[in-house]
Structures are given as structure tokens and as C-alpha cells.
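Undergrad: For the sequence shown, counting from 1, position 155 maps to 168 in our numbering; every step adds exactly one.
Note that the Cβ used here is the ideal one computed from N, Cα and C, for glycine as well.
Here it is, the structure in full.
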Amino acid sequence: MSRIAIASIAALLMVGQARAADPITLRDMGSFHVGGRLVEISGKPVREVVFAPGGVPAKVDPNGTYQVEQMYVQYFLPANEKGAYPLLMWHGGGLTGVTYETTPDGREGWLNYFLRKGWAVYNSDAVERGRAGWAQYPDIFKGEPVFLTTANPFERFRIGDGPNSYDPDPAKRKLLPGNQFPVEGYENFVKQNVPRWTTTDDATIAAYIAEIDRVGPSVLLFHSQAGTFGFKVAQARPDKVKALIAIEPAGIGDLAKADVLKNIPTLIIYGDYIERDSRWPKIRANGIAFAEAIKAAGGSVDIVDLPQAGIKGNSHMVMMDKNNLEVAALIQKWLEGKGLTK
14 MSRIAIASIA
24 ALLMVGQARA
34 ADPITLRDMG
44 SFHVGGRLVE
54 ISGKPVREVV
64 FAPGGVPAKV
74 DPNGTYQVEQ
84 MYVQYFLPAN
94 EKGAYPLLMW
104 HGGGLTGVTY
114 ETTPDGREGW
124 LNYFLRKGWA
134 VYNSDAVERG
144 RAGWAQYPDI
154 FKGEPVFLTT
164 ANPFERFRIG
174 DGPNSYDPDP
184 AKRKLLPGNQ
194 FPVEGYENFV
204 KQNVPRWTTT
214 DDATIAAYIA
224 EIDRVGPSVL
234 LFHSQAGTFG
244 FKVAQARPDK
254 VKALIAIEPA
264 GIGDLAKADV
274 LKNIPTLIIY
284 GDYIERDSRW
294 PKIRANGIAF
304 AEAIKAAGGS
314 VDIVDLPQAG
324 IKGNSHMVMM
334 DKNNLEVAAL
344 IQKWLEGKGL
354 TK
């Protein structure tokens, strides 16, 4: 990235910070559930349940039809819309749409930033997360949910300096040097973590396809686990995806169908400390290989390693880091350069 581009991003960031206290004016906001299927369960015993202390027992028959695998979407439509298409925000594994809302230390997140830039934002809780809800297991969801300890994200998301860098005492935690994650809000961050399954990818992709079918042509911004979802949904609906913004994608699409994405401008962003992590060099290599396959088919993919763009210290949770608005400004400038703003 050129010095001029970096200077332009810095100027945009200063303007964004100056306007952060301005009110956000919406013409509408709301929510909906989308996707899912009906499932029958039978052969279970009827039982009595007391739902409130001192209440009268009620018979609960678990046999019957259940609605499962739906997804929750909340949308915000700005009064002065400047994005050429809606912006769909998809979170990563063990997380929800809170990812893009207020940062753990109380600053503005990307949802607000892009609203201020005039984007209609659709922020979702994917299948089995947050307000989407989850289903019985193993009857419907196969396998058990995965729960994370408070130490896991600290050591795995490139906040702490590798294994054993977390300590219950914040003063004893070992941070990566120059890390931009707001560690003073780390306890708030782990409160956002929710259980996740490793067996629901197909259901999640189906729900995201249902979302884009309902919303219409859109720009997709997705993080981590949602790399698989973003690329595969675009491969399923290439006519409805106008751009792909992958933030540290942990998964990729179908390599054999990379050519399907050749007409969709794509931006892939990676943070800092990649080489210091045991997993991320391989994850990044997979992402680069997928990008090269798209380019080999005639597609356009811009890969930004933030340190090389002069933006340093980013963890895996780029949208929460202290320099989150600087990265958002980079994305906004890229979108403008692709002719995706009005």
C-alpha cells in the first residue's frame, strides 16, 4: 500500500474520530429470523417441570416438531444511505454479532463506524449462537458444544504471548509487545464468548444463503470461522455478492470452484504476529492459496497484511483493537475505490 494511501487513511481516521460523538440518524431499524427447518422428535418420556419457584408443575412432552437452525439478523438503515448495497456483518466462532458492536473497553465498533459512513448494516447471530438459539444434542445437533476457558482466547487470538501467557491476575498476563487489543476490557470480551458446535456448518451456510436471498445484493464482511461461510455463500450466490471482505479468515471456500468468485472484488486482511503463532502461518497460507486460485481465474483479490500497511499490533480480533477505526477506514477506502459507495 502506498504512502499516499496510508496518509489518506490517516486523514479519514481523524475525521471519523471527530465525528464519533455525533448522533447516528436512522430511517429504520429492526430484526428478523431467517432460515432453519422443522425436525420431529419422538420416543422421549413425558416429565413434569416446575418453571418458577413455588409454581405448579407442568407436563412437558418433548415429542413433537421443533424449529431449528434459524439465524437472527438485526438491521440498521441510515437516513442518508451512501453504500451502494447493504453491508452484512458475519462473526467468527464462539462469538455473536456483538463482535461488531461496542468494543470490550467501551469504544465504537465497526457497526457504528459503517453506519456513520452511510452503510445499511445487517448484523447477525449465526445458527446456534446468541438470539438464533440452539437445538437439542445429540438428537438434532450432532456432538457436544465447545466451551472456551478464559485463558483460551487470550493465548489463541494473539493477544497474549503464546501458551501460558494468561493469568487470572491481569498484572501477571504476558502480552505480545505492542499489542493493540484493549486488555483492560478482556474480562468483558470473554463474557461475549458463547458455546459453539463443530457440526453445524451446512446449516449455517444455508441460513446465510437465506439471509442474502431476503436482503438482496450485498457486500459481505466476515471474520475468522465465517471465512468458510462467506466464500461458500458467495460461490452459491455469486450474482448477489458484490464484494467480499475477509478479516483473518480461518477457513476458505471450495477451491475447485474458486473461478466462481472471479467477478467479485475481494479484500483479505491479516493482523500482526502471524509468524509468532503456531497455527496462523498455515491458516494464512491456506487463505493466500485460495486468493491465488481466484486470481488465476481472472479475479481481483487484494491482500493486506496490516503491519506492511503501517498498521501494527493487531490481534485476531481486529475490529475490537484500539486501532479498529484505522482498519475500518482502510476498508472504507477500499470500498470507495471499488465503486461501491454512492
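Do you know offhand how far Leu-338's Cα is from Ala-71's?
TA: Start at 1 with the first residue of the sequence shown, and residue 338 comes out as number 325. Start at 1 with the first residue of the sequence shown, and residue 71 comes out as number 58. Approximately 51 angstroms between the Cα atoms of the pair.
Undergrad: Against chain B, with Cβ distances strictly below 9 angstroms, would Gly-266 count as a contact?
TA: Going by chain labels, chain B is absent from the structure shown, which holds only one protein chain.
Undergrad: Taking all protein chains shown into account, decide if Asn-177 is buried (16 or more other Cβ within 10 angstroms of its Cβ) or exposed.
TA: For the purposes of this step, residue 177 is taken as residue 164 along the sequence shown, with counting starting at 1. Asn-177 comes out exposed.
Undergrad: Pull up the distance between the alpha-carbon of Val-63 and that of Lys-204, whole angstroms please.
TA: Here residue 63 refers to the residue found at position 50 of the sequence shown. Here residue 204 refers to the residue found at position 191 of the sequence shown. So the two alpha carbons sit approximately 29 angstroms from each other.
Undergrad: Cβ atoms of Glu-261 and Val-159: under 9 angstroms apart, would you say?
TA: Along the sequence shown, read from residue 1 onward, the residue named residue 159 stands at position 146. Along the sequence shown, read from residue 1 onward, the residue named residue 261 stands at position 248. The answer is no: Cβ separation not under 9 angstroms.
Undergrad: Counting along the chain, where does the beta strand (DSSP E) carrying Phe-194 start and finish?
TA: Walking along the sequence shown from the start, residue 194 turns up at place 181. From DSSP, Phe-194 is part of no beta strand (DSSP E); its letter is neither H nor E.
Undergrad: Considering only their Cβ atoms, is the gap separating Lys-325 from Gln-238 smaller than 9 angstroms?
TA: As a first step, residue 238 is located in the sequence shown; it is residue number 225 there, counting from the start. As a first step, residue 325 is located in the sequence shown; it is residue number 312 there, counting from the start. Cβ atoms of Gln-238 and Lys-325: not closer than 9 angstroms.
Undergrad: Have a look at the DSSP bridge pairing and note the partners of Lys-72.
TA: Taking the first residue of the sequence shown as 1, we reach residue 72 at position 59. Answer is Glu-61, bridged to Lys-72.
Undergrad: Look at the alpha carbon of Ala-1 and the alpha carbon of Gln-345, and state the distance between them as a whole number of angstroms.
TA: Limits of the chain in this structure are 14 at one end and 355 at the other, which puts residue 1 out of reach.
Undergrad: Going by the beta-carbon positions, is the gap between Asp-318 and Tyr-283 smaller than 9 angstroms?
TA: The residue you call residue 318 lines up with position 305 of the sequence shown. The residue you call residue 283 lines up with position 270 of the sequence shown. Yes. Within cutoff.
Undergrad: At a cut of 8 angstroms, does the segment 47-67 reach the segment 97-110 through at least three beta carbon pairs?
TA: Output reads no: the segment 97-110 does not touch the segment 47-67.
Undergrad: Report the rounded CA-to-CA distance for Arg-186 versus Tyr-179, giving the unit in angstroms.
TA: Walking along the sequence shown from the start, residue 186 turns up at place 173. Walking along the sequence shown from the start, residue 179 turns up at place 166. If I take the Cα positions, the gap works out to 5 angstroms.
Undergrad: Whole angstroms are fine: how far does the CA of Trp-347 sit from the CA of Ile-19?
TA: Here residue 19 refers to the residue found at position 6 when the sequence shown is read from its first residue. Here residue 347 refers to the residue found at position 334 when the sequence shown is read from its first residue. At Ile-19, the pLDDT of 45 sits below 50, so the modelled position is not reliable; the number obtained from the coordinates is stated separately. Rounded to the nearest angstrom, the two C-alpha atoms are 12 angstroms apart.
Undergrad: Go to Lys-346, then tell me how far its alpha helix (DSSP H) extends in each direction, as first and last residue.
TA: As a first step, residue 346 is located in the sequence shown; it is residue number 333 there, counting from the start. It spans 337-350 - the alpha helix (DSSP H) in which Lys-346 sits, taken as one unbroken run.
Undergrad: Whole angstroms are fine: how far does the CA of Ala-184 sit from the CA of Phe-45?
TA: Walking along the sequence shown from the start, residue 45 turns up at place 32. Walking along the sequence shown from the start, residue 184 turns up at place 171. Using only the alpha carbons, I get a separation of about 43 angstroms.
Undergrad: Taking Cβ to Cβ, would you say Pro-251 is nearer than 9 angstroms to Ile-281?
TA: Residue 251 sits at position 238 when you count from the first residue of the sequence shown. Residue 281 sits at position 268 when you count from the first residue of the sequence shown. For Pro-251 and Ile-281, no; Cβs fall outside 9 angstroms.
Undergrad: Mapping the DSSP letters down to three states, classify Glu-297 as helix, strand or coil.
TA: Translated into positions along the sequence shown, residue 297 becomes position 284. For the sequence presented, residue 297 should be read as Arg rather than Glu. DSSP places Arg-297 in helix when its eight states are reduced to three.
Undergrad: Taking the continuous beta strand (DSSP E) assigned at Leu-90, which residues delimit it?
TA: Numbered from its first residue, the sequence shown carries residue 90 at position 77. From DSSP, the beta strand (DSSP E) with Leu-90 extends over 77-91.
Undergrad: In angstroms, rounded to a whole number, what distance separates the CA positions of Arg-169 and Ala-263?
TA: Residue numbering aside, residue 169 sits at position 156 when the sequence shown is read from its first letter. Residue numbering aside, residue 263 sits at position 250 when the sequence shown is read from its first letter. The straight-line gap from Cα to Cα measures roughly 12 angstroms.
Undergrad: Suppose you measure from the CA of Ile-172 to the CA of Phe-235; what does that come to, to the nearest Å?
TA: The count along the sequence shown starts at 1 and reaches residue 172 at position 159. The count along the sequence shown starts at 1 and reaches residue 235 at position 222. Ile-172 and Phe-235: Cα-Cα distance of roughly 20 angstroms.
Undergrad: To which residues of the same chain is Tyr-221 closer than 6 angstroms at the C-beta, ignoring the five residues directly before and after it?
TA: The residue given as residue 221 occupies position 208 in the sequence shown. For Tyr-221, where only same-chain residues beyond five positions count, the Cβ hits under 6 angstroms are Phe-242 and Val-246.
Undergrad: Where does Lys-295 land, buried or exposed, given buried means 16+ other C-beta within 10 angstroms?
TA: As a working note, residue 295 is residue 282 in the sequence shown. Flag for Lys-295 reads exposed.
Undergrad: Between the C-alpha atoms of Leu-233 and Ala-133, what's the straight-line distance to the nearest angstrom?
TA: As a first step, residue 233 is located in the sequence shown; it is residue number 220 there, counting from the start. As a first step, residue 133 is located in the sequence shown; it is residue number 120 there, counting from the start. Each residue's Cα considered, the two are about 12 angstroms apart.
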